[in-house]
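Asks: With the UniProt record's numbering, the residue at position 724 of the sequence shown is 724, and numbering never jumps.
For glycine and all other residues, C-beta sits at the position ideal for the given N, C-alpha and C.
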Amino acid sequence: MIDTADARLEECDGALLANLPPSSFRSSSQLSSSHAPSFARLNRRDGAGGWSPLASDRYQWLEVSLGERTKVTAVATQGRYGSSDWLTSYLLMFSDTGHNWKQYRQEDSLGSFPGNSNADSVVQYKLQQPVVARFLRLIPLGWNPNGRIGLRLEAYGCPYTSDLVSLEGGGLAYRLNPEPRLAHGDAVSVKFKTGSNSLYEPTLSNNQAEKEKLYPQPHRLSLPERTPSSEPRRLASLGSLLDDQHWHHLVMVWHNSRLNLTVDKHTEAVHIPAEFSHRKLLELNVGAIQESKKPKRGFHGCLENLLYNNLNLIELAKRRAPQVSMVGNVTFSCDEPVSVAVTFPGPQSFLQLPRGTASSTGSTRVGFQFRTWNRAGLLLTFALRQDGGVVWLYLSEARLRLQLHKAGRVLLELSAGSALSDGQWHPVELSSRRGRLTVSVDNDEGGAAHASVSIAAGSQLFFGGCPEGESEDCKNTFSRFQGCMRLLSIDSQPVDFMMVQQRLLGNYSHLQMDMCGITDRCSPSPCEHGGRCTQSWTGFHCNCSDSGYSGATCHSSAYERSCEAYKHAGSTSGHFHIDVDGSGPIGPQLVYCNMTEENTWMIIQHNNTALTKLRPSPGLNHLSVHFDFLTEEEQLSAAIGQSEHCEQELSYRCRKSRLLNTPEGSPFSWWVGGPGPGRLQSYWGGAQPGSQQCACGLQGDCVDPQHYCNCDANRAEWAEDSGLLTHKESLPVRSLVLGDIHRPESEAAYRVGPLRCHGDKNFWNAAFFDRETSYLHFPTFHGELSADISFLFKTTASSGVFLENLGIKDFIRIELSSSSQVLFSFDVGNGPLEVRVSSTVPLNDNRWHRVRAERNIKEASLRLDDLAPATQEAPADGHFHLQLNSQLFIGGTASRQKGFRGCIRSLQLNGVTLDLEERASITPGVRPGCPGHCSSYGSFCQNHGRCVEQAAGFHCDCGPSAYAGVFCQTEVSASFQSGTSVSYTIQEPLEFTRNSSIAPSSIHSDVSLRGENVSLSFRTFQSPAVLFYVGSFYREYLAVLVHAHDNLELRYKLDGSRDADVLRSRAKNLADGRLHSVSIRRRSASVSLQVDQEAVEEFNLTSDGEFRAVKSLVLGRVDGKRSRERVHVL
């Protein structure tokens, strides 16, 4: 048993083995009598100076009986005196019975302990969690390659006392004192062990009908809710492999509506339904419950140190205290059955057993139990006694299957059971008797398969696999079994595993005897954010679908953190999921991102954004309206917090319905806004917090100067008070209370708009490092089990360290190792591990590049820009806690070498943004902010849009193009019916000159154009058709039209005394309904014309005059006499 009590409360470091008798030491073998296990005492030189087995392999072990259950806090090893024999690594096992051993694992699941480097020095290891056991066993894993296994051993600890009770379907009931109890709630603590999935019920109840119960469900602990009016439903389930006949620790702390449930250090907080939270508990039941004359179901196993609010209930039961009653079979000891299991840990594992004397009737019967996480693997195979056939009993898709194979053909296939890879014990029986073959699993008749055939097994049976090399008796075409087996029987005779272990029966390889080494890698689940954990014998897998997260443990968010980030990934307006804290605990939320040319707006809707009318409500003093936002509270608060600006429209339209100001000064109406439950606010949209005014009061233009709101004038005409609430600390609006609506003549309408925010303070938080010795430092990064780091950088340097954090031995570092490579390196105690990503383009191009690194217990990954990620798997059985203790260095290192020169932006560690600008403002050699974004994002501006730098980002100026939108991606176009056009008046004639004979040059500003650029796109089925016409007050013009022969024609008239120049393009068939583009460029008398992707055509005008006094521009005029087709001009 792993003891989770605080070992610091007592001195517990005495030597435990020094005074034990020689009979307390056992071993797998001994080299000679002078190498016996009794000589394996620390610092002793008698005998051969320690224990050495007959052979040096991993099947050897040294065992010590401590006489009684003892708390063990440390172990120490030493080599054999005066020799070259010592261990370099070993496993530590413990047991209460000398059987059913359990491996001690450290906090980070390391199974092995470091050994010695010579024969004389002592290496002591203090156990991170003390062990309570009667037997210890040490299994060598490695030894001096120039010697053999040699060992002297000591263990340290102290005596352990406890109160035990065994329940074989019985139970205890403790009647609670009705007086007030502990202010911090009720607490129940108990240690238990069981070998079955039978019911276990520490039950807190206020009567016999309403209880909270705990069940192993199965090999887990389940807390269902039961009420008189409902069927049970599970409130919590935690723990794993609780039926392994080892001690487990359960703690329940209940206060009001909250229950903290802890099993073996894994805690889950449970909300207790309201019908239980307010009632006093009257009784605590453990095991069976006395609901009638007979106890209802019960727990089979042992309990230890059952405490209720530190009151020892087992001791009270021993003393026959009146407040404790016992039901059924209850004894105050713990006699547990001996069950010997064997573990098949790897691909070379197998167990070969002789069948013995075969039945004269030709019957065969084999039984066993197994548990595994693997969905496939060979359980049993044997050759038939006659005819050369073979039988395979195996798992496939977590079902039990049997296949009879003879002469190269499959003669029979049977299937039974399902979901057999759940880690539970499953009994299996194969029986052939009197011409009937049966395969059953889980003792379930419904889970059995039958066939009318008889088989007789040969002399050898193979479990789990076959020996290496060719064998006539064993052929395996399936994967090997990895898992545990127990209770093997052949022809109804149980198999003695102790004889197998001593090589007195059968043969085996790579087995772990007298233990089940199954490990539940999914309890607690390593999958974060609701990812679903599945596992095999050697690893686990997280299914992250529908979670919004990705990676080996569903740690990293699949979404960007803001609308701003989506814009800078090239996205335009639409609905997006944003995850404001990345890999942090706040989940993603769906918002609408409105990408405008000036700002990127995040819009969060609530349940009523429409204008809502109110009718007179006599007798109703106030109307309260609550607004439910389509996002969680923590998501909402975080989104507001990271935004630069937020606003929400608040409008009130009124007729004889006053808003804020009353004669006594208290408001008729108010609203509640802000984080959490919000705070009462008595100002209106467009005004300032605390002012108790509307926008017109602040501006001084209310309809009645004596009031601060238009509606407070109490007029019969409709009025309105509206505006934007922009104080972030008061947003969002959560509820609205309207007061003056009860009068018969009152009418009103209100509108509370959606929450709108723009800007992302975190996305643009940046620092510039101008020399290699400069850096920023922050507190130690805590990413013990999962660590993700993301940032953007730009530089002209070819190398430099972005980030570094050191521990005593552990470290984590990300650096630009060359002008084309980023390196992510770390050490968690298994030696340095590196992940690299190389780019085909230089990274020191002074453009922004994005780095995302993640490290978890399964793998490390590194992403650079949009390149494929690089990954490295973590060691399967190694350290996985990252232990750092120094400051976190950004842009440099603790040694002030290999520093980074350039910009780092938007640095986030495990979802938390580091404020680089705040720290840079007080650090020499580092400047806050980092300008120059168009070099990276300017390519987003399309169609000749111009990138304009901003302090935080950029925007696209679409003025030079015929496009609009955030990236100038939306065409500005029109569709024309026959005979229609669009005219743009560029310059109006002066009124007094419209009937005058004054020359145009005397009344118009003479804008002289020596040249012009015109570009447009069109599609039409109509010809002739005018596409584009520009005229002047001098009767000069430029016309672009589709000629009657479907080719393009330009007409330039730049001299009123001459005819127009007609320029015809060689491009034909332009009235075919397809989109065509036209580009025209004139410089003085030279004109160039390009249609679509055709070659540029050059023309010369007869006049090099200027285009003067431009009057108007006309688009899309079509001759309506010939057709009603449309022209589209873009």
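#1: Report the rounded CA-to-CA distance for V123 versus T77, giving the unit in angstroms.
#2: Please classify Y549 as buried or exposed, where buried requires at least 16 other C-beta atoms within 10 Å of its C-beta.
#3: Restricting to Cα atoms, I'd like to know which of Y566, A787, Q699 and H777 is closest to G723.
#4: Across the stretch 304–317 and the stretch 467–487, are there enough close Cβ pairs to call them in contact, namely three or more that are closer than 8 angstroms?
#5: Identify whether C702 lies in helix, strand or coil by the three-state DSSP scheme.
#6: Can you tell me the Cα-Cα spacing of R852 and S117, whole angstroms?
#7: Looking at the secondary structure, which residues open and close the beta strand (DSSP E) in which Y1037 lies?
#8: When the Cα of R561 is compared with those of F576, S363 and G195, which residue comes out closest?
#9: Would DSSP call I922 helix, strand or coil?
#10: Out of D163, H1076 and D810, point me to the one whose CA is closest to T1020's CA.
#11: Suppose contacts are defined by Cβ-Cβ distances below 7 angstroms. Is A48 in contact with G79 by that definition?
#12: Apply the 10 Å Cβ neighbour rule to V391 and answer buried if 16 or more other Cβ atoms are within range, or exposed otherwise.
#13: Does the distance from the C-beta atom of P347 to that of Q512 stay below 7 angstroms?
#14: Can you say whether K794 is buried or exposed, counting buried as having 16 or more other CB atoms within 10 angstroms of its CB?
#15: Mind checking which residues open and close the alpha helix (DSSP H) that includes Y683?
#16: If you draw a straight line from the alpha carbon of N856 to that of S825, how long is it in whole angstroms?
#17: Could you give the distance in angstroms between the alpha-carbon of W247 and the alpha-carbon of E63?
#18: Between the C-alpha atoms of E632 and Y592, what's the straight-line distance to the nearest angstrom?
#19: Hey, would you say G325 sits closer than 7 angstroms to R433, going by beta carbons?
#20: Excluding the 5 residues preceding and the 5 following L867 in the sequence, name in chain order all residues of the same chain whose CB lies nearer than 7 angstroms to its CB.
#21: Measuring CB to CB, does E154 end up less than 7 angstroms from A40?
#22: Where does K728 fall in DSSP's three states?
#23: Should T331 be labelled buried (16 or more other beta-carbon atoms within 10 Å of its own) or exposed?
#24: Comparing alpha-carbon positions, which option in S29, Q386 and V982 lies nearest G150?
#25: Measure from the alpha carbon of Q128 to the alpha carbon of each residue in S454, R105 and E717, then state which is nearest.
#26: Classify K294 as buried or exposed, calling it buried when 16 or more other Cβ atoms lie within 10 Å of its own Cβ.
#27: Note the first and the last residue of the continuous beta strand (DSSP E) segment covering Q872.
#28: Considering G298, what are the terminal residues of the alpha helix (DSSP H) in which it resides?
#29: In terms of alpha-carbon separation, which member of S121, W61, K102 and P114 lies closest to L42?
#30: Let me know if H35 comes out buried or exposed under the rule of 16 or more other beta-carbons within 10 Å of its beta-carbon.
#31: Between the Cα of G739 and the Cα atoms of A719, R756, C711 and N762, which residue gives the shortest distance?
#32: Apart from the five residues just before and just after S981, which ones in its own chain have a Cβ nearer than 7 angstroms to its Cβ?
#33: What does a CB cutoff of less than 8 angstroms around Y559 pick up in its chain, not counting 5 residues either side in sequence?
#34: Out of A55, V737, A74 and R58, state which residue places its alpha-carbon closest to the alpha-carbon of C12.
#35: Output yes or no for whether 7 angstroms exceeds the beta carbon distance between H944 and P524.
#36: Assign V1096 to buried or exposed, taking buried as 16 or more other Cβ atoms, counted over all protein chains shown, within 10 Å of its Cβ.
Replies: Answer, in terms of the structure:
#1: Counted from its first residue, the sequence shown places residue 123 at position 123. Counted from its first residue, the sequence shown places residue 77 at position 77. Each residue's Cα considered, the two are about 6 angstroms apart.
#2: Counted from its first residue, the sequence shown places residue 549 at position 549. With 16 or more other Cβ atoms from the protein chains shown falling within 10 Å of its own Cβ, Y549 counts as buried.
#3: In the sequence shown, the residue the question calls residue 723 occupies position 723. G723 has its Cα closest to that of Q699, out of Y566, A787, Q699 and H777.
#4: no
#5: Taking the sequence shown and counting its residues from 1, one reaches residue 702 at position 702. C702: coil per DSSP, three-state reduction.
#6: The residue given as residue 852 occupies position 852 in the sequence shown. The residue given as residue 117 occupies position 117 in the sequence shown. For R852 and S117, the distance between alpha carbons rounds to 41 angstroms.
#7: The residue given as residue 1037 occupies position 1037 in the sequence shown. Y1037 to V1042 is the extent of the beta strand (DSSP E) around Y1037.
#8: Residue mapping note: residue 561 aligns to position 561 of the sequence shown, counting from 1. Ranking the options by Cα distance to R561, first place goes to F576.
#9: Numbered from its first residue, the sequence shown carries residue 922 at position 922. Coil.
#10: Indexing the sequence shown from 1 puts residue 1020 at position 1020. Selected option, being the one with the closest Cα: H1076.
#11: One-based indexing of the sequence shown puts residue 48 at position 48. One-based indexing of the sequence shown puts residue 79 at position 79. Annotated as distal: A48 and G79, with beta-carbon spacing of 7 angstroms or more.
#12: As a position in the sequence shown, residue 391 is number 391, starting the count at 1. Result: buried.
#13: On the sequence shown, position 347 is the one that residue 347 refers to. On the sequence shown, position 512 is the one that residue 512 refers to. Against a cut-off of 7 angstroms, the Cβ pair of Q512 and P347 comes out as no contact.
#14: Sequence index remark: in the sequence shown, residue 794 carries index 794 (1-based). Its Cβ being crowded by 16 or more others within 10 Å, K794 is buried.
#15: Translated into positions along the sequence shown, residue 683 becomes position 683. Looking at the DSSP string, Y683 is not in any alpha helix (DSSP H), and its letter there is neither H nor E.
#16: Counting from 1 along the sequence shown, the entry for residue 856 is found at position 856. Counting from 1 along the sequence shown, the entry for residue 825 is found at position 825. The straight-line gap from Cα to Cα measures roughly 13 angstroms.
#17: Looking up residue 247 in the sequence shown gives position 247. Looking up residue 63 in the sequence shown gives position 63. Here the alpha carbons of E63 and W247 stand approximately 20 angstroms from one another.
#18: The residue given as residue 632 occupies position 632 in the sequence shown. The residue given as residue 592 occupies position 592 in the sequence shown. When rounded, the distance between both Cα atoms is 16 angstroms.
#19: Indexing the sequence shown from 1 puts residue 325 at position 325. Indexing the sequence shown from 1 puts residue 433 at position 433. Here residue 325 is Ser; the residue named in the question, Gly, does not match the sequence. Pairing S325 with R433 gives a Cβ-Cβ distance that is not under 7 angstroms.
#20: Here residue 867 refers to the residue found at position 867 of the sequence shown. Once the five neighbours on either side are set aside, the close Cβ partners of L867 are V837 and S839.
#21: Here the question's residue 154 lines up with position 154 in the sequence shown. Here the question's residue 40 lines up with position 40 in the sequence shown. For E154 and A40, no; Cβs fall outside 7 angstroms.
#22: By one-based count along the sequence shown, residue 728 stands at place 728. DSSP places K728 in helix when its eight states are reduced to three.
#23: If you number the sequence shown from 1, residue 331 lands on position 331. Exposed.
#24: The residue you call residue 150 lines up with position 150 of the sequence shown. Of S29, Q386 and V982, the residue nearest in Cα terms is S29.
#25: Residue mapping note: residue 128 aligns to position 128 of the sequence shown, counting from 1. When only C-alpha atoms are compared, the closest one is R105.
#26: What you label residue 294 is simply residue 294 of the sequence shown in a count that begins at 1. Because K294 carries a pLDDT of 49, less than 50, the predicted location of this residue cannot be relied on, and no value is offered for it.
#27: As a working note, residue 872 is residue 872 in the sequence shown. Per DSSP, Q872 belongs to the beta strand (DSSP E) from A870 to E873.
#28: Here residue 298 is taken as the residue at index 298 of the sequence shown, counted from 1. Run containing G298: none; DSSP gives neither H nor E here.
#29: In the sequence shown, the residue the question calls residue 42 occupies position 42. The candidate whose alpha carbon is nearest that of L42 is S121.
#30: The residue you call residue 35 lines up with position 35 of the sequence shown. Counting C-beta atoms within 10 angstroms of its own C-beta, H35 has 16 or more neighbours from the protein chains shown and is therefore classed as buried.
#31: Locating residue 739 in the sequence shown gives position 739, where the first residue counts as 1. Residue C711 is the option with its Cα nearest to G739.
#32: Translated into the one-based positions of the sequence shown, residue 981 becomes position 981. Excluding sequence neighbours, S981 sits near V1114, L1115, G1116 and R1117.
#33: Position 559 of the sequence shown, counted from the start, is the residue given in the question as residue 559. The residues are G548, F576, H577, I578, D579 and P588.
#34: Here residue 12 refers to the residue found at position 12 of the sequence shown. Out of A55, V737, A74 and R58, A74 has the C-alpha closest to the C-alpha of C12.
#35: Within the sequence shown, residue 944 is the residue found at index 944, counting from 1. Within the sequence shown, residue 524 is the residue found at index 524, counting from 1. In this structure, P524 does not lie closer than 7 angstroms to H944 by Cβ.
#36: For the purposes of this step, residue 1096 is taken as the residue at position 1096 of the sequence shown. The residue in question, V1096, is exposed, as its Cβ has fewer than 16 Cβ neighbours within 10 Å.
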